[in-house]
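Protein chains in written order, with the numbering used here: chain A, 1427 to 1762; chain B, -4 to 310.
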């Protein structure tokens, strides 16, 4: 039984990652997410058909508040799946997880609803981590693989305490210097339905594998909206990438370094064309949420990295959060 | 503390507080008459949302003045600064209203700092006085950027290990008016100078109320004590002895088991460059505390166990 009017819709896009996606969905379940009721939210699972599809009955067992859609996709980008998912969302606040292989910690949804109470147009970013010691495209070089990952996940009994995911993880490529430095993107990002509508949902021009730079584009677009007055980061929560054959994170053995670089160049060209020169979102984050023992080492390093960045910017007489000033300026111009 | 109090009220005014309108809040100033009362002309010039009462007080405790202040409050959310010598950073009010939107009975606490190089009760040994403090304040141009106060401050005795360790008290705490009523306001039995253990008592009582499900700390904000010859913040040889009686009074309320409030804080707010060193230090100290608790198989936040919300009490 799905709720009549959830407060929050969470979109999970899935393609060819059955086991990882089931972990992700478990981490979104009412049994795992704390201080939130099943009726408060819905999870929209949209899968592009592959040889390893999810089983709807299994999903319902884990996530009674999920709605599952299996669709055929001829292209290689998730962009149409995302837009299809947007159409299914009934809540005024939407979370987008473009990659179904990302598990969450237990209070992401609680804090998102808190942020929404503070500002219905809040933007909430969950920092990204990789399970294992390195970025996943380097996994093979470090003898890290799915078997080891599975073993480590079993060892920490993550279903009992999801914060232990921090114990077996490293910082993600989108936020390599932590949570108080600008994030390149967030693979678990929340904003109002109105905000997603204002940025034109997912731009269907992003047709490259995995969407190319689509997620970066959407993150910056949301962050620069006039209505996005509150930009929150959850310093004690995380979205944890599991090893699978993702487009930018797949094992180097399956993709030559040259091919990967070539692909990333294409992605960069497309996004730079959109923005002139694309830049990460430099807005001062409002921290929200508790920081457990497991996440403290990352907060400590984030703070250290922030101090290094602030000193560098001070030396160059550069604003710490230039996009806050840009927004303020355009606000004033529009008001005038 | 007329000058210090005017600094404090300036920091609370809409001239200094950001992202908030003067009409969103009121500042209630209650003064026990002394030979150095606040210059009311200068006070009212700081904003149109200031209400002032000067009262006669025969005792030496601020308890009755606090109750007079609570009675004057018209808003559903009330912040208490028991010591008028505490300047605050520019987004305390904004974040407090954010927390109030999350939960009308939230408890919000602002970490404490002392202006200057060390604790104020060591002032004589450090040759620290009002003049040296004034020079420091001038140096950082705090009226332009209130976060620069972090650059000339040290961490307070109430929270010496940072924001992830239990606080003994908080000199800038905000919660619902209903919560203040629930704890019966300020207990006037706390008759010692400065209220003795009154602030510690109220802080813990607010924190353990079952209605206080949400316990927020503002990691990037602060309340900064200015040196002013306060009761427990001036160097004197009999300080320990002087604090003994208030301590026993406090212990008598808590059956000899008074301690800091051990609740997991929900962080709220940005952390500017000047405050990063304290966040880093807090995180370092948190790791040590958690490691110690882990070894002893003790819950991290035992005061949370009486509340319904899930918190991180796992080993």
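Backbone N, C-alpha and C fix where the C-beta goes; we use that ideal spot for every residue, glycine too.
Delimiting residues of the beta strand (DSSP E) encompassing residue i
{"i": "residue 105/B", "result": "It is not in any beta strand (DSSP E) - residue 105/B carries neither H nor E in the DSSP assignment."}
{"i": "residue 1621/A", "result": "First-last for residue 1621/A: 1619 to 1624, but that is the alpha helix (DSSP H), not the beta strand (DSSP E)."}
{"i": "residue 1667/A", "result": "1665 to 1667"}
{"i": "residue 1745/A", "result": "Taken as a continuous stretch (DSSP letters only), residue 1745/A belongs to no beta strand (DSSP E), as it is neither H nor E."}
{"i": "residue 1554/A", "result": "1554 to 1557"}
{"i": "residue 1474/A", "result": "1467 to 1474"}
{"i": "residue 317/B", "result": "This structure cannot speak to residue 317/B, because chain B is shown only from -4 to 310."}
{"i": "residue 220/B", "result": "218 to 220"}
{"i": "residue 27/B", "result": "22 to 27"}
{"i": "residue 1595/A", "result": "1595 to 1597"}
{"i": "residue 1440/A", "result": "1434 to 1440"}
Local Cβ density within 10 Å of residue i, reported as buried at 16 or more and exposed below that
{"i": "residue 1428/A", "result": "Any reading at residue 1428/A is ruled out, since the residue's pLDDT is 49, under 50, leaving its predicted position unreliable."}
{"i": "residue 70/B", "result": "exposed"}
{"i": "residue 1536/A", "result": "buried"}
{"i": "residue 2/B", "result": "buried"}
{"i": "residue 300/B", "result": "exposed"}
{"i": "residue 39/B", "result": "exposed"}
{"i": "residue 1439/A", "result": "buried"}
{"i": "residue 1722/A", "result": "buried"}
{"i": "residue 1745/A", "result": "exposed"}
{"i": "residue 1568/A", "result": "exposed"}
{"i": "residue 333/B", "result": "Any question about residue 333/B goes unanswered here, given that chain B covers just -4 to 310."}
{"i": "residue 1486/A", "result": "exposed"}
{"i": "residue 61/B", "result": "buried"}
{"i": "residue 254/B", "result": "exposed"}
{"i": "residue 1743/A", "result": "exposed"}
{"i": "residue 293/B", "result": "exposed"}
Short Cβ contact (9 Å threshold) for residue i with residue j
{"i": "residue 88/B", "j": "residue 178/B", "result": "no"}
{"i": "residue 216/B", "j": "residue 73/B", "result": "no"}
{"i": "residue 1554/A", "j": "residue 1538/A", "result": "no"}
{"i": "residue 1526/A", "j": "residue 1459/A", "result": "no"}
{"i": "residue 167/B", "j": "residue 266/B", "result": "no"}
{"i": "residue 12/B", "j": "residue 85/B", "result": "yes"}
{"i": "residue 312/B", "j": "residue 210/B", "result": "In this structure chain B extends from -4 to 310, so residue 312/B is not present and cannot be described."}
{"i": "residue 63/B", "j": "residue 48/B", "result": "yes"}
{"i": "residue 169/B", "j": "residue 75/B", "result": "yes"}
{"i": "residue 1449/A", "j": "residue 1660/A", "result": "no"}
{"i": "residue 298/B", "j": "residue 1725/A", "result": "no"}
{"i": "residue 1550/A", "j": "residue 1530/A", "result": "no"}
{"i": "residue 158/B", "j": "residue 147/B", "result": "no"}
{"i": "residue 1642/A", "j": "residue 1597/A", "result": "no"}
{"i": "residue 154/B", "j": "residue 207/B", "result": "no"}
{"i": "residue 1656/A", "j": "residue 1545/A", "result": "yes"}
{"i": "residue 1482/A", "j": "residue 1434/A", "result": "no"}
{"i": "residue 268/B", "j": "residue 1752/A", "result": "no"}
{"i": "residue 1719/A", "j": "residue 289/B", "result": "yes"}
{"i": "residue 1616/A", "j": "residue 1511/A", "result": "no"}
Run of the alpha helix (DSSP H) containing residue i, from where it starts to where it stops
{"i": "residue 278/B", "result": "271 to 290"}
{"i": "residue 118/B", "result": "118 to 121"}
{"i": "residue 88/B", "result": "87 to 97"}
{"i": "residue 198/B", "result": "193 to 203"}
{"i": "residue 1444/A", "result": "1444 to 1453"}
{"i": "residue 1538/A", "result": "1534 to 1544"}
Min CB distance residue i to chain E below 9 Å
{"i": "residue 1589/A", "result": "Structure shown: chain E not included; protein chains present are A and B."}
Closer than 8 Å: residue i CB and nearest the ligand GTP heavy atom
{"i": "residue 1741/A", "result": "By its list of ligands, the structure shown contains no ligand whatsoever, and the ligand GTP lies outside what it can speak to."}
| query | Listed in chain order, which residues of the segment 1714 to 1728 of chain A have Cβ atoms closer than 8 Å to some Cβ of chain B? | reply | 1714, 1715, 1716, 1717, 1718, 1719, 1722, 1723, 1725 and 1726
query: Taking one C-beta from the segment 116 to 123 of chain B and one from the segment 92 to 108 of chain B each time, how about it: are there three or more such pairs within less than 8 Å?
result: no
Given a limit of 8 Å on CB to CB distance, which residues of the segment 268 to 285 of chain B reach chain A? 268, 271, 272, 274, 275, 278, 279, 281, 282 and 285
Item checked: Given 8 Å, three or more beta-carbon pairs between the segment 125 to 140 of chain B and the segment 178 to 193 of chain B -> no
* To do: Residues of the segment 1731 to 1760 of chain A with a CB closer than 7 Å to any CB of chain B: list them in chain order, please.
  => 1732, 1733, 1736 and 1746
Review point. Between the segment 1505 to 1520 of chain A and the segment 1611 to 1630 of chain A, do three or more beta carbon pairs fall short of 8 Å?
Key: yes
query = Mind listing which residues of the segment 96 to 121 of chain B have their C-beta closer than 9 Å to chain A's C-betas, in chain order?
reply = 96, 97 and 98
* Asked: When Cβ atoms are compared, which residues of the segment 1530 to 1548 of chain A fall closer than 7 Å to chain B?
  -> 1540, 1543 and 1544
With 8 Å as the C-beta to C-beta threshold (strictly closer), list the residues of the segment 1690 to 1714 of chain A near chain B in chain order. 1710, 1711, 1712, 1713 and 1714
*At a cut of 8 Å, does the segment 1690 to 1699 of chain A reach the segment 1618 to 1627 of chain A through at least three beta carbon pairs?*
no
Item to complete: Check distances from the C-beta atoms of the segment 66 to 84 of chain B to those of chain A and list, in chain order, the residues that come in under 7 Å.
Response: none
Report yes or no: do three or more beta-carbon pairs, one from the segment 1540 to 1548 of chain A and one from the segment 1584 to 1596 of chain A, lie closer than 8 Å?
no
Please identify, using Cβ separations under 9 Å, the residues of the segment 1460 to 1479 of chain A that lie next to chain B, in order along the chain. 1460 and 1461
Check distances from the C-beta atoms of the segment 299 to 310 of chain B to those of chain A and list, in chain order, the residues that come in under 8 Å.
-> 304, 305, 306, 307 and 309
**Item:** Any 3 or more C-beta pairs closer than 8 Å across the segment 1490 to 1502 of chain A and the segment 1600 to 1617 of chain A
**Value:** no
Next item on the list: Using a Cβ-Cβ cut-off of less than 7 Å, list which residues of the segment 1636 to 1668 of chain A approach chain B; keep chain order.
Entry: 1661
- Select from the segment 31 to 49 of chain B all residues with a C-beta closer than 9 Å to any C-beta belonging to chain A, and list them in chain order. none
### Message
What are the residues in the segment 1482 to 1513 of chain A lying within 9 Å of chain B by C-beta distance?
### Response
none
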